[in-house]
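One structure below.
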Amino acid sequence: MDVDKDERRPTLDAFTKRTGIRVKYTEDINDNNEFFGKIKPQLAAGQDTGRDLICVTDWLAARLIRFGWVQKLDPAQLPHAYANLSAQFRSPDWDPGRAYSYPWTGISTVIAYNKKATDGEKITSVSQLLDEPKLKGRVGFLSEMRDSMGMVLLDLGKDPAKFTDDDFDAAVARLQKAVDRKQIRRFTGNDYTADLDKGDLAACVAWAGDVVQLKLSNPDIEFAIPDSGYLTSTDNLLVPNKARHKRNAERLIDYYYEPGPAARLAAYINYVCPVDGVRDELAKIDPKAAANPLIIPDKAMAAKSHAFRSLTPKEEAAYEGKFAKLTGS
Amino acid sequence: MSTLTKPPAPAEEAPPPAKPRKRGRLVPYWLLLPGILWLLVFFALPLIYQASTSVQTGSLEEGYKVTWHFATYWDALGDYWPQFLRSVIYAGAATILCLLLGYPLAYLIAFRAGRWRNLILVLVIAPFFTSFLIRTLAWKTILADGGPVVGALNNLHLLDVTNWLGATDGDRVLATPLAVVCGLTYNFLPFMILPLYTSLERIDGRLHEAAGDLYARPSTTFRKVTFPLSMPGVVSGTLLTFIPAAGDYVNADLLGSTDTRMVGNVIQTQFLRILDYPTAAALSFILMAAILFMVTFYIRKSGTEDLV
Chain Y
9 MDVDKDERRP
19 TLDAFTKRTG
29 IRVKYTEDIN
39 DNNEFFGKIK
49 PQLAAGQDTG
59 RDLICVTDWL
69 AARLIRFGWV
79 QKLDPAQLPH
89 AYANLSAQFR
99 SPDWDPGRAY
109 SYPWTGISTV
119 IAYNKKATDG
129 EKITSVSQLL
139 DEPKLKGRVG
149 FLSEMRDSMG
159 MVLLDLGKDP
169 AKFTDDDFDA
179 AVARLQKAVD
189 RKQIRRFTGN
199 DYTADLDKGD
209 LAACVAWAGD
219 VVQLKLSNPD
229 IEFAIPDSGY
239 LTSTDNLLVP
249 NKARHKRNAE
259 RLIDYYYEPG
269 PAARLAAYIN
279 YVCPVDGVRD
289 ELAKIDPKAA
299 ANPLIIPDKA
309 MAAKSHAFRS
319 LTPKEEAAYE
329 GKFAKLTGS
Chain C
193 MSTLTKPPAP
203 AEEAPPPAKP
213 RKRGRLVPYW
223 LLLPGILWLL
233 VFFALPLIYQ
243 ASTSVQTGSL
253 EEGYKVTWHF
263 ATYWDALGDY
273 WPQFLRSVIY
283 AGAATILCLL
293 LGYPLAYLIA
303 FRAGRWRNLI
313 LVLVIAPFFT
323 SFLIRTLAWK
333 TILADGGPVV
343 GALNNLHLLD
353 VTNWLGATDG
363 DRVLATPLAV
373 VCGLTYNFLP
383 FMILPLYTSL
393 ERIDGRLHEA
403 AGDLYARPST
413 TFRKVTFPLS
423 MPGVVSGTLL
433 TFIPAAGDYV
443 NADLLGSTDT
453 RMVGNVIQTQ
463 FLRILDYPTA
473 AALSFILMAA
483 ILFMVTFYIR
493 KSGTEDLV
C-alpha cells in the first residue's frame, strides 16, 4: 500500500473521497502461515473474521478456496478488473477465470547478488548458486518452499507448473547436496535483504520487489533472470465468508484496476503490476519504474515466467515435510 | 498457607460473631480466585487441549479426531532427537556463559557499586526497552562477516579454536552454533543477573569481615561464605535462563543455519508449515517433560529449598 510523507495513503484516500466508503487498512499479515493460523478458527467455525478483504499469497488463496472459506466475486461489479488484468495472471489452476480472487501484486522470484561480495562476478543461474566454490557459505535460499524448490526445479529443466514427485525429490536431493557442502548459508524470510546489503550473503534467491528497493540505496545490488526461467506468484485479494461489506470490497478491488490508481500503487510498492495499460500512467509519475522489467515485465521477461502448480493437501504436507527436513527442522 | 486460613484464637467468654469470622476465613481464597481463574483459563485448559491434540490423528481436510495415537510421541522423538539434544546443549552453554558473565557483575553491583548501584541495575534492564527481535537482529550487525568483531577474533586466531570445537565454520561467526549461543546468552543474561544480585545483596557484609578476622583469604571467603550463600540466586538464575533458552527459536532462526535448528524451530515448522498439529503438540509436551525432569533433578542435586 502506498504511503506518502504525511503517513496518509493517497490512493486509498482518493477512493474514500470518490465513493464515500471508508477503508480500515491493517497490516496484520506478517507471514501467510501465521495469518492462516490466526483466521482458521473463525473461518472453520463459520464466523465473521472482521475482515471484508484479505490479501494472501496464491497457495494460501488456493487453500482458502478449496475449503470454501471465501466468497465468489460478482464479475458485474468488477468491470475494470475484468478488462485490465494481465493475461499472465488470468487463469491460475487454483482459481480458473478468477472467480474468487484478483491479484493485488505479482511477485517475481529471481536471483540477486551483491557485486562487491562476488568480486564483480555475475551470478546468473541457480546452478552457480548451488555449485560455485567462490560463493561457499554465502548463498541464501528462501524459506518459502515454493520459491526455493521452484527455482531449483527450473534449473533442472523441469516445469514447476507440471512436475512429478520424482522431479521434486531430485530437486530436494540437489539442494540437499549444497546444504551438506555448506554452500548454503541460510534459508531466510524477508530478513535476507539486510544480509545481502551487507554482503554476508553474496548471492541469493530473492523477491524482485525487494531487489528494486535495495538497488535504490545500494548500487552494488544486481538481479538476474536465469535462462532456465523464474517463478511468478501473486498476492491476491479475497473476500472471506461472512464478510459484512462484500459489495464495497469489490468496488475497492475494481478501483485498483483502473490505470491511475494502479500506477500510483506500482510506483510506490515496486512489485510486479498485474494491471495492463499502466505503463503510460506510471511513466508520468516515475519513468524509471515504468522502464523496469521487474515492475512492468517486458515480453522477453514474461516469456520466462513460470507458476508453481497448486498442490493437493497430501502433496502439500509431504513437500513441506521434505523441505523442512532440508532446512534443518 | 495453613497459618493464613486458621481462624484467630477465640476469646474466652464471648465467641465472636459468626459472620465476620466466616468471611475472614474465606478472604484468602477470594484473593486467590483471580489468579486461579487465570491459571485455569490460560494454562490448564490450553494444556488439556494440547494433550488431546497430541493424541489425535487426521488431516486439516477431514478434521482431527482423538484416537489415542501415542505413537506420535515416539515418532516425534525418533525424528527430532538431534534438535532436542541441540536445544539442551545450546541452552546449557548459554546458561553457563550467563553465569560466568553475570556473577561478577552481580557481585560488583551488590558489594562494590556504591552509589552507582541503581544506575548499573537500570543498565542491566535497559535492553528490555527494545524488542527481543530487534535485539537479536542487532547481533547480525555486530557479528557481520566483515565486521570488527569477526576480524578481531580472526586476528587473535580465536576462530581456529572455535572451529576446532565445531562451534564455528571457516572465518565467520554468523550462521554458526556460536552465534546462536551468543544470542541466547545476551538475550537471557538479565534473567541471570537479577536473581544473583538479590541473593548476593542479602548477604550480611559482616560475614566477610568475620571471615577475614578468622584469617580466611579472599578466595576462601568467596568459596566458603559468599558462594554458598548465593546458591539460591544461582539456582533460580540458571533456571530462569535455561528454561526459556531451551524453548527459544528466534535466535536459532535469525543467527543460525540449517544445522543449528532447535526444537522450537521444529515445533514452529510442524505447526505452521506442515500443519501437523499432533506432532507439534507432542513435541511441546516432550520438551516440557524433559525440562521438568531436568529441573527437578537439578534442584534436588543443588539442595536448595529457597529459590529466591
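Chains as they are written, first to last, in my numbering: chain Y, 9 to 337; chain C, 193 to 500.
Beta carbons: idealized from backbone N, C-alpha and C, even for Gly.
Note that the coordinates shown come from a computational prediction; the quantities given were computed from them, not determined experimentally.
Chain-ordered chain Y contacts of residue i [CB-CB under 9 Å]
i, result
"N443 of chain C", "Near N443 of chain C there are no residues of chain Y at all, since even the closest Cβ is about 13 Å away, more than 9 Å."
"A482 of chain C", "In chain order: nothing, as chain Y lies at least about 17 Å away."
"K332 of chain C", "D199, A202, D203, K206 and D208"
"D361 of chain C", "G145 and K190"
Contacts that residue i makes with chain C (C-beta to C-beta distance below 8 Å)
i, result
"F195 of chain Y", "T450"
"G45 of chain Y", "F463 and L464"
"S318 of chain Y", "Those within 8 Å of S318 of chain Y in chain C number zero; the least Cβ separation is about 14 Å."
"D262 of chain Y", "Under the 8 Å cutoff, chain C gives no residues; its nearest Cβ is about 33 Å from D262 of chain Y."
"V64 of chain Y", "The premise fails here: V64 of chain Y is roughly 14 Å from chain C at the closest Cβ pair, so nothing lies under 8 Å."
"V187 of chain Y", "T450"
Backbone CA spacing between residue i and residue j [nearest angstrom]
i, j, result
"G284 of chain C", "F434 of chain C", "6 Å"
"L319 of chain Y", "S109 of chain Y", "18 Å"
"F485 of chain C", "I288 of chain C", "19 Å"
"A299 of chain Y", "G217 of chain Y", "14 Å"
"N443 of chain C", "A359 of chain C", "15 Å"
"T57 of chain Y", "C63 of chain Y", "13 Å"
"G165 of chain Y", "S156 of chain Y", "15 Å"
"V286 of chain Y", "V247 of chain Y", "25 Å"
"L225 of chain C", "F234 of chain C", "14 Å"
"E254 of chain C", "R30 of chain Y", "39 Å"
"D173 of chain Y", "V147 of chain Y", "26 Å"
"Q242 of chain C", "E42 of chain Y", "18 Å"
"T196 of chain Y", "A202 of chain Y", "11 Å"
"P234 of chain Y", "D352 of chain C", "38 Å"
"A203 of chain C", "T390 of chain C", "A caution first: A203 of chain C carries a pLDDT of 47, below 50, which makes its placement in the model too unreliable to give a value."
"D167 of chain Y", "R189 of chain Y", "26 Å"
"G343 of chain C", "I334 of chain C", "11 Å"
Exposure of residue i, with buried meaning 16 or more beta-carbon neighbours within 10 Å
i, result
"S194 of chain C", "Below a pLDDT of 50, predicted positions are generally treated as unreliable, and S194 of chain C, at 42, falls in that range; the measurement from the model is reported next regardless. S194 of chain C comes out exposed."
"I483 of chain C", "buried"
"F551 of chain C", "This structure gives no information on residue 551 of chain C, because the portion of chain C shown stretches from 193 to 500."
"I317 of chain C", "exposed"
"T34 of chain Y", "exposed"
"D243 of chain Y", "buried"
"L209 of chain Y", "buried"
"A186 of chain Y", "buried"
"N379 of chain C", "buried"
"I459 of chain C", "buried"
"S99 of chain Y", "exposed"
"N347 of chain C", "exposed"
"S422 of chain C", "buried"
Proximity to residue i [Cα-Cα], best of the options
i, options, result
"R26 of chain Y", "Y:A95, Y:A120 and Y:L260", "Y:L260"
"A438 of chain C", "C:R453, C:F414, C:L293 and C:N355", "C:R453"
"L70 of chain Y", "Y:L245, Y:V280 and Y:A311", "The question names Leu, but residue 70 of chain Y in the sequence shown is Ala. Ranking the options by Cα distance to A70 of chain Y, first place goes to Y:L245."
"E328 of chain Y", "Y:V220, Y:D199, Y:L204 and Y:D177", "Y:D177"
"S337 of chain Y", "C:L432, C:P319 and C:R278", "C:R278"
"S94 of chain Y", "Y:K206, Y:G114 and Y:G28", "Y:G114"
"L479 of chain C", "C:D451, C:F419, C:L446 and C:D440", "C:D440"
"G45 of chain Y", "C:R217, C:Q462 and C:S476", "C:Q462"
"T450 of chain C", "Y:Q85, Y:L183, Y:F75 and Y:I47", "Y:L183"
"L138 of chain Y", "Y:E152, Y:A179 and Y:N122", "Y:A179"
"N38 of chain Y", "Y:K254, Y:I293, Y:D199 and Y:G207", "Y:D199"
"L399 of chain C", "C:Y295, C:A330, C:F303 and C:P274", "C:F303"
"T377 of chain C", "C:W260, C:P220, C:I281 and C:L239", "C:I281"
Closer than 9 Å at the beta carbon, the chain C residues around residue i
i, result
"Y325 of chain Y", "Tyr is not the amino acid found at residue 325 of chain Y; the sequence shown has Ala there. Result: S251, L252, I466, L467 and D468."
"V213 of chain Y", "Neighbours of V213 of chain Y on chain C: none; closest Cβ ~15 Å, over 9 Å."
"G207 of chain Y", "A336, D337 and G338"
Chain-ordered chain C contacts of residue i [CB-CB under 7 Å]
i, result
"A181 of chain Y", "Those do not exist, as A181 of chain Y stays about 15 Å from chain C at its closest Cβ, beyond 7 Å."
"S337 of chain Y", "Q275, R453, N457, V458 and T461"
"N41 of chain Y", "L464 and R465"
"P321 of chain Y", "S251, L252 and E253"
"A332 of chain Y", "T461, R465 and I466"
Contact list for residue i against chain Y, beta-carbon separation under 7 Å
i, result
"R364 of chain C", "G145"
"A509 of chain C", "One cannot answer for residue 509 of chain C here, as it falls past the ends of chain C, which runs 193 to 500."
"L446 of chain C", "D199"
Chain-ordered neighbours of residue i on chain A, where CB pairs are closer than 7 Å
i, result
"G329 of chain Y", "Among the chains of the structure shown, chain A does not appear; the protein chains present are Y and C."
Chain-ordered neighbours of residue i on chain Y, where CB pairs are closer than 8 Å
i, result
"G439 of chain C", "Those do not exist, as G439 of chain C stays about 14 Å from chain Y at its closest Cβ, beyond 8 Å."
Note to self: Assess contact between the segment 93-111 of chain Y and the segment 68-81 of chain Y, defined as three or more Cβ pairs (one per stretch) separated by less than 8 Å. Is contact present?
What the structure shows: yes
(request) Decide yes or no for the touch test of the segment 228-245 of chain Y against the segment 160-169 of chain Y: beta carbon pairs closer than 8 Å, at least 3 of them. (result) yes
| Do the segment 121-132 of chain Y and the segment 263-273 of chain Y make contact, defined as three or more Cβ pairs closer than 8 Å? | no
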